[in-house]
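In our numbering, the protein residues as written are -12 to 341.
Okay, so here's the structure we're looking at.
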């Protein structure tokens, strides 16, 4: 049984990770940290985890030496800027104690390879450039073999996961041209658990609104970085997110001009072939479209392709659970791979519907 630590147990991603690890057959959560909730048990914070062994774990203050000495794997579920500092400390302490250590970072700190691009979008310098080059981007459908050998995994963002998986086969096979529009919608849990006016019930309920549109959202460079690797050339996207009045789920509608006259049947065959060995990507039959309720609480990404013959555009729709596939369950899948476990160990649950 591998021993895991969780830095940042109080956010939605930390909560979701605790839920997943409560029943994991090979990874035991033994350490969880939070400055505000130190001294409490996990079951005090999350009563739904009572009767599980994980519920009795006592939350502590962050202590890099303690975590590095006792854990085989550590999840960093903390804000950007904090994660990079913690990663540096943890690796230093692990080296002092002669231990190997695996880190899964759920923040954005190790996703963007160019530190200048990271600084431009996140407005802080990158303090661990040597670790930045070591990190593997944790989209396991594309980088499974690299993740298996990695010590530091940059868990992908929620919007980028749905966007990249939707676009990758089309760009890889030259089906579409540049001038891509990603119309993205997310549930409110994507905004985090911190109290703020914009996500109060009365602000969100019975409402639907855009935010950070017009090339302003920080997930843009992450998406473009990975799409560049798919296409072999620079790709620009117009990424425009919206807030849905639901708890969890992401639904993307992506518009891209076709590079040639190609049928929906041919494109569907390309997608089916590309993802034939990706058990958690479901390319839907032609005529069916994704819905957030059909992926809720699961690792699945549902994708559909539609050709608009009149405007000669490819419409790609993709759906994920932003907390599961877009964060914590994807992190658990990456942990499985880098520990030499089966990809689906402990996370092969069916979606929760309704």
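Just so it is clear, CB atoms sit at the ideal spot from N, CA and C, and this is done for glycine as well.
Every value quoted in this text rests on a predicted model; they were computed, and no experiment measured them.
With a threshold of 7 Å on Cβ separation, who are the neighbours of residue i within its own chain once the five nearest residues in sequence on each side are excluded?
i, result
"residue 165", "222, 223"
"residue 287", "267, 269, 312, 338"
"residue 199", "228"
"residue 116", "102"
"residue 212", "99, 100"
"residue 12", "332, 333"
"residue 318", "4, 62, 91, 93, 142"
"residue 66", "94"
"residue 194", "232"
"residue -2", "64, 179, 180"
Indicate whether residue i and residue j have their beta-carbon atoms separated by less than 8 Å.
i, j, result
"residue 241", "residue 173", "no"
"residue 309", "residue 236", "yes"
"residue 92", "residue 63", "yes"
"residue 32", "residue 24", "yes"
"residue 140", "residue 153", "no"
"residue 99", "residue 209", "yes"
"residue 49", "residue 20", "yes"
"residue 304", "residue 276", "yes"
"residue 162", "residue 257", "yes"
"residue 134", "residue 264", "no"
"residue 306", "residue 278", "yes"
"residue 226", "residue 171", "yes"
"residue 197", "residue 280", "no"
"residue 271", "residue 289", "yes"
"residue 358", "residue 109", "Since the first residue shown for the chain is -12 and the last is 341, residue 358 is missing from the structure and cannot be characterised."
"residue -9", "residue 7", "no"
"residue 247", "residue 285", "no"
"residue 255", "residue 230", "no"
"residue 178", "residue 184", "no"
"residue 262", "residue 217", "no"
Give the secondary structure of residue i by DSSP, where H, G and I count as helix, E and B as strand, and everything else as coil.
i, result
"residue 340", "coil"
"residue 228", "strand"
"residue 197", "strand"
"residue -11", "strand"
"residue 246", "coil"
"residue 234", "coil"
"residue 270", "strand"
"residue 223", "coil"
"residue 239", "strand"
"residue 288", "strand"
"residue 169", "strand"
"residue 306", "strand"
"residue 128", "helix"
"residue 330", "coil"
"residue 57", "helix"
"residue 98", "coil"
"residue 315", "helix"
"residue 154", "helix"
Bridge partners for residue i per DSSP, in chain order?
i, result
"residue 69", "Beta-bridge pairing links residue 69 to no other residue."
"residue 123", "140"
"residue 163", "245"
"residue 63", "-6, 92"
"residue 14", "-11"
"residue 294", "301"
"residue 20", "-6, 47"
"residue 28", "45"
Short of 6 Å in beta carbon distance, which residues of its chain neighbour residue i, apart from the five on each side in sequence? Order them along the chain.
i, result
"residue 39", "9"
"residue 137", "123, 325"
"residue 167", "224, 243"
"residue 96", "67, 70, 71"
"residue 191", "175, 232"
"residue 89", "60, 138, 325"
"residue 159", "217"
Between residue i and the rest of its own chain, which residues show a CB-CB distance below 8 Å, the 5 nearest in sequence each way excluded?
i, result
"residue 114", "71, 72, 75"
"residue 28", "42, 43, 44, 45, 46"
"residue 234", "174, 175, 176"
"residue 112", "102, 106"
"residue 51", "73, 76, 77, 79, 80"
Would residue i pass as an interface residue toward chain C - the criterion being a Cβ-Cβ separation below 8 Å?
i, result
"residue 182", "Among the chains in the structure shown there is no chain C, since it carries only a single protein chain."
The segment 137 to 151 / the segment 298 to 316 touching (three or more Cβ pairs under 8 Å): yes
Cβ contact check for the segment 76 to 85 and the segment 43 to 58: 3 or more pairs under 8 Å: yes
Three CB pairs or more closer than 8 Å across the segment 246 to 254 and the segment 289 to 301: yes
Sufficient close CB pairs (3 or more, under 8 Å) joining the segment 126 to 136 to the segment 96 to 112: no
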